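Below is one structure, written out as structure tokens; the observations come after it.
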Amino acid sequence: MNKREIKNGQNNKFLITILLLAGIRVFLFNAVFPIFNNVDEPAHLDMVHKYSRGHIPENGIENYDRRTLQFMLLYGSPEYLSDIRTKKNSPMPWDDPNVTQTQDFQNALNANLANINHETGSFPVYYICAGICWNIGKLLHLSDWNLIYLIRFLNVPVFIAMVWVAYLTGKTLFSNNNFLQKGLPIMTAFFPQDMFYSITNDAISPFLFSLSFLMLMLILFENRNLWFYFCTAIVISAALLNKISNITMLALLAPAILFKLHQSITQKQLKEDLPKLLILTGVSIIPLILWMTRNHIVLGDITGSAEKNSFLGWSAKPFGQIWNHPIFTVSGLAFFLGELTKTFWRGEFVWHLERIASKYFDLFYVASTGFFILAAFLALFKNKDKKSRTVLVVSLILVFASVSMLAILSTLYDYGDCWYPSQESPYFTSGRLIVTTLIPFLIIYLYGLEKVLKMFRIKFNPLIVVIALAVAITISEIILSFPAFASPYNWFHIG
């Protein structure tokens, strides 16, 4: 066996190990957290249930489906948004097979029928996919709670696929950098963002975005056929139609098309490449345009969010008042970036009204992110490898565009009596909205870490630092989430 075969064998073992660990980790946390968390999970499940029946909303907001409300009353845990401590061996609602027929249950159900689902106007890709899986689960005669957790467990294969994309990204775009080749899938596999443990359209966005990123980079650096361009466009279209916040994909797509067009003209390959670029542009954008047109006709606005904004009490600010926002102050910008960085890393779950977070790890996330991004930016000027420099520049642009999107959105509205964002804290600081850029972010983060380690002339293998970081983050995540392991409302205890 030659050296190349040995190396390929080692890489395959590494990949299989990382994928298995990532899958086990995400399955475990999806199972131990009770359903209907505080990050809009009931609203997203309601949309999945409606799409599974072929119901595409024709209003910007709708009431919750009666069946969804029944699920919430039966299986919803009070442990997220109340201080109620469930006693061990206490009777649970589902213990009584006739509970749904009782007068108390019907009264509670009727009292909630007027509840509004503010996610009604959301883009459709996740709900279509999850709705199909819901129907498959029904064909398999799964119980209600297993059906709900089945949708949760869709996060497992999606997350594994994202780790695989991270591995391919490191292998193909940084072929001369073993640290990034190994470090990128490791950090992706153990990234502690809790949206991956929830029923939410956010959960598949990072995979779709990351795959789009990799495929567009390959188009820039390699000569790919028409079929590859078409497949890339399909993935991009799916990302754009999954969530409106994925519009930052255009910050990657537009420059990539223009750069490839310039490259084709320079190399006198325009006749060969132009049909490919037209396919890439059309298939990527036309479905989005069609859906937005449908929204305008049916819902009254292209994003489908006007009624939601009105329901939440948001109103557009006059242009002159936008500049009075505290984000334009040093302290306001620091607060926005700090809170956004924390939730980007660990998410937004609460338990008994307390954020599931460690102030020490939050401090580490903020400090290391700022320090390593700065180190990566400064090191760019000394990077003589055109390919890796291009990838790093594109990654920086994507992260900057995503953060800027939330900063701009923060300034556009008066939030009235809404609790988040609010008059007192008028910022979008939900990192899950931009975790789409997870792999571009980790490329910058790890590149900066590598440069810092070299600056301090670290003698041992720098991957040890990444592994130690992954282990520390995972241990912290388990400790912080440990109360959920004992919850009578989680997958291990229901049934």
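If you count the sequence shown from 1, you need to add 16 to reach my numbering.
Backbone N, C-alpha and C fix where the C-beta goes; we use that ideal spot for every residue, glycine too.
The structure displayed is predicted, hence computed values, not measured ones.
In this structure the stretch 461 to 476 touches the stretch 383 to 393; the number of beta carbon pairs closer than 8 Å is three or more.
With respect to the C-alpha of Ser226, the residue from Leu61, Leu158, Ile455, Leu465 having the closest C-alpha is Ile455.
In the structure shown, Trp339 falls within a coil segment according to DSSP collapsed to helix, strand and coil.
A straight line joining the alpha-carbon of Tyr245 with that of Thr188 spans about 17 Å. Looking at the DSSP output, Ala332 sits in a beta bridge with Tyr429. Of all alpha-carbon atoms in Leu234, Tyr213, Phe393, the one lying nearest the alpha-carbon of Ala47 is that of Tyr213. Taking a cut-off of 8 Å on C-beta distances, the stretch 203 to 221 touches the stretch 250 to 267, as three or more cross pairs fall below it. In the DSSP assignment, the residues bridged to Asn133 are Glu78. Straight through space, the alpha carbons of Trp361 and Lys375 are spaced by roughly 13 Å. With fewer than 16 other Cβ atoms from the protein chains shown falling within 10 Å of its own Cβ, Arg101 counts as exposed.
Spanning the alpha carbons of Gln86 and Thr116 requires a straight line of approximately 8 Å. The three-state reading of DSSP puts Val366 in strand, counting E and B together.
When DSSP states are grouped into helix, strand and coil, Arg41 belongs to the helix group. Around the Cβ of Lys66, a 10 Å sphere holds 16 or more other Cβ atoms; the residue is buried. The secondary-structure analysis by DSSP pairs Arg371 across a beta bridge with Val366. Cβ contact annotation for Gly447 (same chain, cutoff 6 Å, sequence separation greater than five): Leu356, Thr359, Phe360, in chain order. The three-state reading of DSSP puts Tyr142 in helix, counting H, G and I together. In the three-state reduction of the DSSP assignment, Pro291 falls in the helix class, which pools H, G and I. Take the alpha-carbon of Ser138 and the one of Gly76: they are about 9 Å apart.
Met471 counts as exposed, since fewer than 16 other beta carbons sit within 10 angstroms of its beta carbon. Distance from Ile176 to Leu35 at the Cβ level is roughly 5 Å; contact confirmed, criterion being Cβ atoms closer than 8 Å. In this structure, the beta-carbon distance from Ile167 to Ala146 falls below 8 Å. Note on the stretch 429 to 491: whole alpha helix (DSSP H) runs with a minimum of 4 residues are 454 to 471, in chain order.
Taking every protein chain shown into account, the CB of Trp150 has 16 or more other CB atoms within 10 angstroms, so this residue is buried. Contact annotation, Trp330 with Ala500: C-beta distance approximately 32 Å; criterion of less than 8 Å not satisfied. Judged by pairs of C-beta atoms under 8 Å, the stretch 272 to 282 does not touch the stretch 252 to 259, as fewer than three such pairs exist. For the pair Glu238 and Ile450, the Cα-to-Cα distance works out to about 28 Å. Leu97 sits away from Asn27, with the two beta carbons spaced by 8 Å or more. When rounded, the separation of the alpha-carbon atoms in Pro303 and Leu290 is 20 Å. For Ser228, the uninterrupted alpha helix (DSSP H) run begins and ends at 221 to 237, by DSSP. Check the Cα spacing between Gln122 and each of Arg83, Leu414, Thr136, Met233: the tightest is with Arg83. Secondary structure note for Gln119: its alpha helix (DSSP H) is the uninterrupted segment 119 to 127. Residue environment analysis places Trp339 among the exposed positions, since fewer than 16 neighbouring C-beta atoms fall within 10 angstroms of its C-beta. A Cβ-Cβ distance of about 6 Å is found for the pair Thr248 and Leu296, placing them in contact under the 8 Å criterion.
Only residues of its own chain outside the window of five on either side were considered, and among them Tyr91, Ile510 have a CB closer than 6 Å to the CB of Trp161, listed in chain order. Within the same chain, Ile343, Tyr443 come within 6 Å of Phe352 by CB-CB distance, once the 5 residues on both sides are set aside.
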